[in-house]
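>
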Amino acid sequence: MLLVAAVILASLPTLTSGQTPAPAKKPPAGPPSPQSTHNPILLLAVGNNPIWSLRIGQKGPERLDRIGYPPIPLEPSDVTHETAADSWTYHAKDSATGAVIAVHLTREACNDATNDTLTPAPPPSGKYSFRVSVDHAQVGSLKGCARIAADLFPKINNQPDDEEDADKKKPPAPTVSNFKPPFAVAYLNSAGNVVLSRGATKKIVTQAGTDLALSHDGKKLLYTRADSRSSPDRTIVLYDFDSGKSLDLVHGLVRQAFWSPGDDRIAFLKALDNSWQVWSFPAGNPESAASFSPQPVNALDGWIDNHTILATDMLNAYWFSEETLPQAVALKDIYGPSFQITSSDTIRVNPINSDLLLISADYLSAPAGAPVDSAGLAASFFLYELRSKRRVILCPPDQSGRTAEWSRDGLQVFFTGTDSSHRPIIYRIFWDSMGLQRSLNGSNYVVGQ
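In the numbering used here, the protein residues as written are -9 to 439.
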């Protein structure tokens, strides 16, 4: 005991004679402890009807995914924490359209989500720790559940801070990985010949043709042949890949033939009484061609399903159906303020989601840096969602884009652009504007299989 006391006394500071200890100074008061506005972080929210998912990273909402639509990249903003209710409201905006988004998160057991398909082993029903609602100014309101999912987020390319130069150089993480390159396609080569390609085999179908449409098995090609330079008459021709033979189907003032989804019917435009109308016939019986709709139109844009056809005039897009009354949507609502309506525009319906349209059109005024043709027009293409009215330009800003077409999987878009020598080039881009790739020399590319 005496030894321990001696050690303690030896460790104390020595006081000289006559000194008294100075009073201890209180440390200055520091700022109040910061309250985290991003807690919890690294969340995955999911919901049903429709199926959707939302990723919330360290800075807030990063990406909204919906079945049948391209992912929506988000720009996180502020977060408010309601301590009493143990809830958070995240604010963000749609990076493509600027639409405002609010995500309300509450710590509460939730069992409304049954489609967490982003991980091999999603939590069982009732194991979600949060209830979530998403309000997108265009898409609408979505409700579901959320869970902490830190295991997913190392794979996500969050927005880097300004000082993270090394991370800035990294390419964005791909969002499309399950696409299938087309096996059977048709296009016009650099000489203007019609080419049908299946795998490694390519055949020149004819020296000239327009309005290419390839069957879903990629073996039968429809095209329009001009019969004479002095006559407006044309012929819709069927070419068979296996036999290498061509068959004239219908003749006269006809154009723009399309296969039905089952390849058992063909729709086309026929001129009557100084206007174009939609006609159709069974694929093996062109002699039985009959009117599908008497409505005058300018362009045929394909089949929606086995009973519905999409066509346009200079004012409206029309959904003609054998089962219901025709429906119309004003083109000015689809095109918005940036694009002009012309008879050469094309509208293509996504093969996996009829609500999603792909429109090829010219800008009303060419954006800075956009290439223009000899007439001063800048060609582009964009996506439009009929229900939400969400419009997103898909064409790269430094490229022209005409006759954009979907792949059969609905994830890829093929379009005609140009190279530095102004030669027509076919490019591919994913529906989320990623993965731009030069495919081949040519134009008017269509996909069969």
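Quick reminder that beta carbons are idealized off the backbone N, C-alpha and C, glycines included.
Given the structure is predicted, the values throughout are model-derived calculations rather than measurements.
Would you give the residue range spanned by the alpha helix (DSSP H) that Asp84 belongs to?
Taking the sequence shown and counting its residues from 1, the one referred to as residue 84 is at position 94. Looking at the DSSP string, Asp84 is not in any alpha helix (DSSP H); the run it does join, the beta strand (DSSP E), is Ser77 to Asp84.
> If you drop the 5 nearest sequence neighbours on each side, which residues of the same chain put their C-beta closer than 6 Å to that of Ser378?
Translated into the one-based positions of the sequence shown, residue 378 becomes position 388. So the list reads Gln128 and Val129, once near-sequence residues are dropped.
> With Ile324 as the anchor, note down where its alpha helix (DSSP H) starts and where it stops.
Looking up residue 324 in the sequence shown gives position 334. Start and end: Leu321 to Tyr325.
> For Val69 and Asn101, what's the separation of their Cα atoms in angstroms?
If you number the sequence shown from 1, residue 69 lands on position 79. If you number the sequence shown from 1, residue 101 lands on position 111. C-alpha separation (whole angstroms): 25 Å.
> Hey, would you say Gln330 sits closer than 9 Å to Tyr353, going by beta carbons?
One-based indexing of the sequence shown puts residue 330 at position 340. One-based indexing of the sequence shown puts residue 353 at position 363. Yes. Within cutoff.
> Using only CA atoms, which one of Ser131, Asp217, Leu373 and Leu44 lies nearest to Thr87?
Looking up residue 87 in the sequence shown gives position 97. Out of Ser131, Asp217, Leu373 and Leu44, Leu373 has the C-alpha closest to the C-alpha of Thr87.
> Going by other Cβ atoms of all chains shown within 10 Å of its Cβ, with 16 needed for buried, is His126 buried or exposed?
Walking along the sequence shown from the start, residue 126 turns up at place 136. Buried, because 16 or more other Cβ atoms sit within 10 Å of the Cβ of His126.
> I'd like to check one pair, Gly37 with Gly134: are the Cβ atoms closer than 9 Å?
Position 144 of the sequence shown, counting from 1, holds the residue named residue 134. Position 47 of the sequence shown, counting from 1, holds the residue named residue 37. Yes, Cβ-Cβ distance for Gly134 and Gly37 is below 9 Å.
> State the Cα-Cα distance for the pair Asn296 and Ser250, rounded to the nearest angstrom.
One-based indexing of the sequence shown puts residue 296 at position 306. One-based indexing of the sequence shown puts residue 250 at position 260. For Asn296 and Ser250, the distance between alpha carbons rounds to 6 Å.
> Roughly how far, in whole angstroms, is the beta-carbon of Ala257 from the beta-carbon of Phe282, given that I think they are within contact range, below 8 Å?
Locating residue 257 in the sequence shown gives position 267, where the first residue counts as 1. Locating residue 282 in the sequence shown gives position 292, where the first residue counts as 1. Going by Cβ atoms, the distance from Ala257 to Phe282 rounds to 6 Å, so yes, they are a contact pair.
> Tell whether a beta-carbon distance below 9 Å holds between Pro269 and Asn288.
Stepping through the sequence shown from its first residue, residue 269 is reached at position 279. Stepping through the sequence shown from its first residue, residue 288 is reached at position 298. According to the sequence as given, residue 269 is Trp; it is not Pro. Taking 9 Å as the Cβ cut-off, Trp269 and Asn288 do not qualify as a contacting pair.
> Going by DSSP, what residue range makes up the beta strand (DSSP E) through Glu312?
Taking the sequence shown and counting its residues from 1, the one referred to as residue 312 is at position 322. Per DSSP, Glu312 belongs to no beta strand (DSSP E) and is neither H nor E.
> Does DSSP put Ser265 in a helix, a strand or coil?
The residue you call residue 265 lines up with position 275 of the sequence shown. DSSP places Ser265 in strand when its eight states are reduced to three.
> Between which residues of its own chain and Leu202 is the CB-CB distance below 8 Å, once the five residues before and five after are set aside?
Locating residue 202 in the sequence shown gives position 212, where the first residue counts as 1. Excluding positions up to five away in sequence, the list reads Ala176, Tyr177, Leu178, Val184, Leu211, Leu212, Tyr213, Asn434 and Val436.
> Under 9 Å between the Cβ atoms of Pro60 and Trp421?
One-based indexing of the sequence shown puts residue 60 at position 70. One-based indexing of the sequence shown puts residue 421 at position 431. Yes, the pair counts as a contact, with Cβ atoms nearer than the cut-off.
> What is the DSSP secondary structure of Ser281, reduced to helix, strand or coil?
Within the sequence shown, residue 281 is the residue found at index 291, counting from 1. Strand.
> Nearest-angstrom Cα distance between Pro414 and Leu44?
Counting from 1 along the sequence shown, the entry for residue 414 is found at position 424. Counting from 1 along the sequence shown, the entry for residue 44 is found at position 54. When rounded, the distance between both Cα atoms is 39 Å.
> Would you call Glu154 buried or exposed, if buried means 16 or more other Cβ atoms sit within 10 Å of its Cβ?
Indexing the sequence shown from 1 puts residue 154 at position 164. At Glu154, the pLDDT of 49 sits below 50, so the modelled position is not reliable and the matter cannot be decided from this model.
> Under 9 Å, do Phe271 and Ala279 count as touching if we go by C-beta distance?
Mapped onto the sequence shown, residue 271 falls at position 281. Mapped onto the sequence shown, residue 279 falls at position 289. Yes, the Cβ-Cβ distance between Phe271 and Ala279 is below 9 Å.
> Whose C-beta lies closer than 8 Å to the C-beta of Tyr325 among residues of the same chain, with five residues either side of it excluded?
The residue given as residue 325 occupies position 335 in the sequence shown. If we look at Tyr325 and ignore the five residues flanking it on each side, its Cβ neighbours are Ile331, Ile349 and Ala351.
> Among residues of its own chain, excluding the 5 on either side of Pro40, which ones have a beta-carbon nearer than 7 Å to its beta-carbon?
If you number the sequence shown from 1, residue 40 lands on position 50. Closer than 7 Å at Cβ, skipping near neighbours: Arg56 and Ile57.
> Tell me Arg224's beta-bridge partners as DSSP assigns them.
Locating residue 224 in the sequence shown gives position 234, counting from the first residue. The partner list for Arg224 (beta bridge, DSSP) reads Ala216 and Gly242.
> Have a look at Leu204, Ala140, Ser334 and Arg224 and flag the residue whose alpha-carbon is nearest the alpha-carbon of Leu290.
On the sequence shown, position 300 is the one that residue 290 refers to. Closest by alpha carbon: Ser334.
> With DSSP run on the structure shown, which of helix, strand or coil describes Pro357?
Residue numbering aside, residue 357 sits at position 367 when the sequence shown is read from its first letter. Of the three classes helix, strand and coil, the one that applies to Pro357 here is coil, per DSSP.
> So is Val362 buried or exposed if we call it buried at 16+ other beta carbons inside 10 Å?
Here residue 362 refers to the residue found at position 372 when the sequence shown is read from its first residue. Counting Cβ neighbours within 10 Å, Val362 comes out exposed, since fewer than 16 surround it.
> Going along the chain, which residues of its own chain have a beta-carbon closer than 7 Å to the beta-carbon of Ser440, five neighbours each way excluded?
Outside the modelled stretch of the chain, which goes from -9 to 439, sits residue 440, for which no answer is possible.
> Any heavy atom of the ligand COA within a distance shorter than 8 Å of the CB on Ala394?
The ligand COA is not among the ligands present in this structure, which contains no ligands whatsoever.
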